[in-house]
Amino acid sequence: MNNGWNKKFSSLPELETSEQKNFRWERVRNATAQFFHQIVLSLLEKIQALSLLVTTITVKLGQISLKLPRRMKKGMTIAVIITATVLAGHTASAQFQPPPAPPALTTVKVPEPDNLGDFVKNKVAAIKLGKTLFWDMQIGSDGITACASCHFHAGADSRSKNQLSPGLLRVSNLDLQTPNPDTKVELGGMNYQLKPEDYPFHKLQDPNKSDSTVLADTNDVTSSQGVFYSKFVDAVPGSAEDKVEYKPDPDGFTVGNTNVRRVEPRNTPTVINAVFNFRNFWDGRAQDIFNGVNPFGLRDPDAKVYKVNNKKDLEAVTVRLKNSSLASQAVGPIISSFEMSADGRTSAEIGDKLGSFNRRGLLHIINDKSGKFPRRLGKRLLPLRPLGKQLVDPNDSVLGDESRGSLPGLRTRTYTEMIQAAFKDEWWNSKKDMIQVGADGKPTVVRKPDRNLTTQEYTLTEYNFPLLFGLAVQMYESTLISDDAPYDRFQQGNNSALTAQQKAGLEVFRSKGLCIFCHNGAEFTNASVSNVSTNGRLSRAPDGRIEDTGFFRIGVRPPFEDLGAGANDPFGNSLSEARLAEQGKFQQIFGEAPNRAITSVIADGAFKSPGLRNVELTAPYFHNGGQRTLREVIDFYNRGGDFRGTDSGNLPPLNLTEEEKESLVAFLKGLTDERVRYQKAPFDHPQLFVTNGHPGNETYVTDDGTGKATDGTLLEIPAVGRNGSVSPLPNFLE
Numbered sequence: 001m002n003n004g005w006n007k008k009f010s011s012l013p014e015l016e017t018s019e020q021k022n023f024r025w026e027r028v029r030n031a032t033a034q035f036f037h038q039i040v041l042s043l044l045e046k047i048q049a050l051s052l053l054v055t056t057i058t059v060k061l062g063q064i065s066l067k068l069p070r071r072m073k074k075g076m077t078i079a080v081i082i083t084a085t086v087l088a089g090h091t092a093s094a095q096f097q098p099p100p101a102p103p104a105l106t107t108v109k110v111p112e113p114d115n116l117g118d119f120v121k122n123k124v125a126a127i128k129l130g131k132t133l134f135w136d137m138q139i140g141s142d143g144i145t146a147c148a149s150c151h152f153h154a155g156a157d158s159r160s161k162n163q164l165s166p167g168l169l170r171v172s173n174l175d176l177q178t179p180n181p182d183t184k185v186e187l188g189g190m191n192y193q194l195k196p197e198d199y200p201f202h203k204l205q206d207p208n209k210s211d212s213t214v215l216a217d218t219n220d221v222t223s224s225q226g227v228f229y230s231k232f233v234d235a236v237p238g239s240a241e242d243k244v245e246y247k248p249d250p251d252g253f254t255v256g257n258t259n260v261r262r263v264e265p266r267n268t269p270t271v272i273n274a275v276f277n278f279r280n281f282w283d284g285r286a287q288d289i290f291n292g293v294n295p296f297g298l299r300d301p302d303a304k305v306y307k308v309n310n311k312k313d314l315e316a317v318t319v320r321l322k323n324s325s326l327a328s329q330a331v332g333p334i335i336s337s338f339e340m341s342a343d344g345r346t347s348a349e350i351g352d353k354l355g356s357f358n359r360r361g362l363l364h365i366i367n368d369k370s371g372k373f374p375r376r377l378g379k380r381l382l383p384l385r386p387l388g389k390q391l392v393d394p395n396d397s398v399l400g401d402e403s404r405g406s407l408p409g410l411r412t413r414t415y416t417e418m419i420q421a422a423f424k425d426e427w428w429n430s431k432k433d434m435i436q437v438g439a440d441g442k443p444t445v446v447r448k449p450d451r452n453l454t455t456q457e458y459t460l461t462e463y464n465f466p467l468l469f470g471l472a473v474q475m476y477e478s479t480l481i482s483d484d485a486p487y488d489r490f491q492q493g494n495n496s497a498l499t500a501q502q503k504a505g506l507e508v509f510r511s512k513g514l515c516i517f518c519h520n521g522a523e524f525t526n527a528s529v530s531n532v533s534t535n536g537r538l539s540r541a542p543d544g545r546i547e548d549t550g551f552f553r554i555g556v557r558p559p560f561e562d563l564g565a566g567a568n569d570p571f572g573n574s575l576s577e578a579r580l581a582e583q584g585k586f587q588q589i590f591g592e593a594p595n596r597a598i599t600s601v602i603a604d605g606a607f608k609s610p611g612l613r614n615v616e617l618t619a620p621y622f623h624n625g626g627q628r629t630l631r632e633v634i635d636f637y638n639r640g641g642d643f644r645g646t647d648s649g650n651l652p653p654l655n656l657t658e659e660e661k662e663s664l665v666a667f668l669k670g671l672t673d674e675r676v677r678y679q680k681a682p683f684d685h686p687q688l689f690v691t692n693g694h695p696g697n698e699t700y701v702t703d704d705g706t707g708k709a710t711d712g713t714l715l716e717i718p719a720v721g722r723n724g725s726v727s728p729l730p731n732f733l734e
């Protein structure tokens, strides 16, 4: 690894005088001391950062000093003295103690909107509706793709054929703005069957050294297959599928000239425990405040829904539901042309906000800009029998009383009935009025005609479908909490719940491994509601720059391949809240002052720190899905990341021993809740059929006559009741 010293001294003359040499070493000592002094000052902005400071500085100084000539160690001594001076006034016990081990998850209150009662009249009915919507294959334009299609395995996706996406989010390395998408999969091709030996995506001759010879590298992403590319034509009420027209895929998801199912450009995170995330999606675009319309919360000040007022008239209102990033997240995929929806014409109603972006650029992928709006989905879905294609186990923990035994679907005949049971009348019950959307995209309240409604005429339930869908799914996902892992029992007083090796791994996790500084708290992520509520939306990085709390740039890939939080939302504002503060927009958007003074920021290439619970079951890892095993992940951190530098990543190498690595892997497995592994309540579910690539391979597929590949036999995920499955979940590529 190039630690900065080799480059500096490689240009020195081979011969120099004693005076020159002494002067040079003195400059090095002073620079060294000043460098570490600045780190100390920036990290000590808060006492809460003390343990991170001491651990990081101690590890870093020790690593560097071992490699330096004797004369340079004097500079290190100066740095240590300065560190001790700055720390004076704090207790000696605080100086060198690592942070305490995170508590059990049972100690954390489940976040919930404080005004939920203004919308929901029956929580049990709302959870039932949310679980049904989440697992229903009829939600997708194709009548096959459900939300659960990408989240059926420990809340994530374990499929391994046709799961590669090319570097679609790449931008110019010169300005970090201009779209420069890579539409070619390098690792095999579209419809490729992944193999264990394909991982990690950045292969090194020596996995302990980031500057080791690179044996292989790709910007491909392991993610989840969704729908075929198609143009939305219309929603047919009562039909399980949309009316669409299939077109050649503009982003390269083809084998020969035949379309294959599209694959998302980022790895699929688990939905289990996602309720604890302050913001959701890897880039954080699913906002903590749900506006009832789209993922962008307060960023979209014009988002409105309709409500029946005291005079029984419809009026447009603004809604704000805090602690609702799950609802913000839920309304994204159902209109994404990569995940669940056909791509339709752009309505002026949304188009005025999104603008006419280059559809091959970044924004058309991550901002869910398709023409099929959630209310159109509502128009098609509301008359359908819920879960009409799927069996429900009579012992399902939520839907058991709705099971029809050997017949698919629920006893409740329509989604309309389920919505009316869950939500307050003012959000769906308008007997006399409807909403008409004009050619300019503007909604107008008019009287209901004595005829069937047209495509652009909506009942109140249809128009408010994003609000109802988002809240219902959020309420279901809020029950998916895995708080009974061996680690939880250990923290509750059962000392034998963890093995000796796992206990040793816990010590590595919170000290030498530095893991706890990004994965803190019972949620094992700094991006949690509890952490942001306590420490603010912005945090100071070790180098003094400001970053979004819980979002880090660790050098998985170069920032220009995927900007992450550094990208813009549809309104031209950065997804990074630190950058918004730097630009003076933070208070304008969020209605509060930033909690940090801003100098410079870290945004491009920064991603949300995921929770680590059940991580044993959710491979592959990182936002690009580029690591297959926990050991590969630990090797990544041990070498200080794959792409290092001020503008890429600057993790300190850890120099872990083999024993420490194995103990860390063992500890992470101690975060697995066995209810998740065996799909026991609340992780039981209805039957599901998912696509798993196409018959053929990366060189040939069979055209079904419409320009798209045949799906072949769908993979059945059997219905499971509250008592779970006899067999444990197999892991990715196992």
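The numbers in this note's numbering rise by one with no breaks, and the one at position 91 of the sequence shown is 91.
Ideal Cβ positions, reconstructed from N, Cα and C, are used throughout, including at glycine.
Distance between residue j and residue i (C-alpha atoms, nearest Å)
| i | j | result |
| --- | --- | --- |
| A126 | N294 | 20 Å |
| G724 | V392 | 13 Å |
| F278 | R644 | 28 Å |
| F152 | N624 | 19 Å |
| R380 | P301 | 28 Å |
| K184 | C147 | 27 Å |
| L204 | V665 | 20 Å |
| V221 | L480 | 27 Å |
| D206 | A216 | 12 Å |
| V108 | A522 | 7 Å |
Minimum C-alpha distance to residue i - residue among the options
| i | options | result |
| --- | --- | --- |
| K669 | A485, S576 and F586 | A485 |
| A606 | G625, Q583 and A565 | A565 |
| A597 | F551, A286, G555 and L538 | L538 |
| Q163 | N464, F423 and E264 | E264 |
| P728 | H694, Y306 and E674 | E674 |
| Q492 | Q329, P98 and A104 | A104 |
| S230 | G405, R557 and S341 | S341 |
| R639 | H202, A567 and R404 | H202 |
| A286 | V108, A527 and L174 | A527 |
| D175 | L671, A719, G705 and A567 | A567 |
| P610 | R411, F276 and P394 | F276 |
| P196 | Y678, S160 and H694 | S160 |
| D684 | P695, V726 and T702 | V726 |
| R447 | L460, A439 and G441 | L460 |
Segment limits, alpha helix (DSSP H) that includes residue i
| i | result |
| --- | --- |
| L133 | K123 to W135 |
| S325 | S325 to A330 |
| A504 | A500 to R510 |
Run of the beta strand (DSSP E) containing residue i, from where it starts to where it stops
| i | result |
| --- | --- |
| S539 | L538 to R540 |
| E339 | First-last for E339: undefined, no H or E at that position. |
Where residue i sits in the DSSP three-state scheme
| i | result |
| --- | --- |
| G422 | Position check: residue 422 holds Ala in this sequence, whereas Gly was assumed. Helix, per DSSP. |
| P728 | coil |
| K67 | Note that K67 scores 46 on pLDDT, short of 50, meaning its location in the model is unreliable; the coordinates nonetheless yield the value given after this. Three-state DSSP puts K67 in a helix. |
| P179 | strand |
| M475 | helix |
| S533 | helix |
| R740 | No answer is possible for residue 740: it lies beyond the span of the chain, which begins at 1 and ends at 734. |
| K379 | helix |
| E26 | Reliability fails at E26, whose pLDDT of 42 lies under 50, so the model's placement of it is uncertain and the value that follows must be treated cautiously. E26: helix per DSSP, three-state reduction. |
| A235 | coil |
| S158 | coil |
| S165 | strand |
| N638 | helix |
| G409 | strand |
| Y678 | coil |
Interface flag, residue i vs chain C, CB-CB below 7 Å
| i | result |
| --- | --- |
| A216 | The structure shown contains no chain C; it is built from a single protein chain. |
Is the stretch 602–615 in contact with the stretch 319–333, if contact means three or more CB pairs nearer than 8 Å?
no
Under 8 Å, with one C-beta from each stretch per pair, do the stretch 376–395 and the stretch 131–139 reach the 3-pair mark?
yes
Stretch-stretch touch, CB-based, cutoff 8 Å, three pairs: the stretch 710–728 with the stretch 682–693
yes
Whether or not the stretch 547–555 and the stretch 587–604 are in contact is what I'm after, with contact meaning three or more pairs of Cβ atoms, one per stretch, closer than 8 Å; do they touch?
yes
Whether or not the stretch 496–514 and the stretch 235–252 are in contact is what I'm after, with contact meaning three or more pairs of Cβ atoms, one per stretch, closer than 8 Å; do they touch?
no
Examine the Cβ distances between the stretch 628–637 and the stretch 651–661 and report whether three or more of them are shorter than 8 Å.
yes
Does the count of Cβ pairs from the stretch 158–173 and the stretch 251–264 closer than 8 Å reach three?
yes
Would the stretch 457–470 count as touching the stretch 421–441 if we require 3 or more Cβ pairs under 8 Å?
yes
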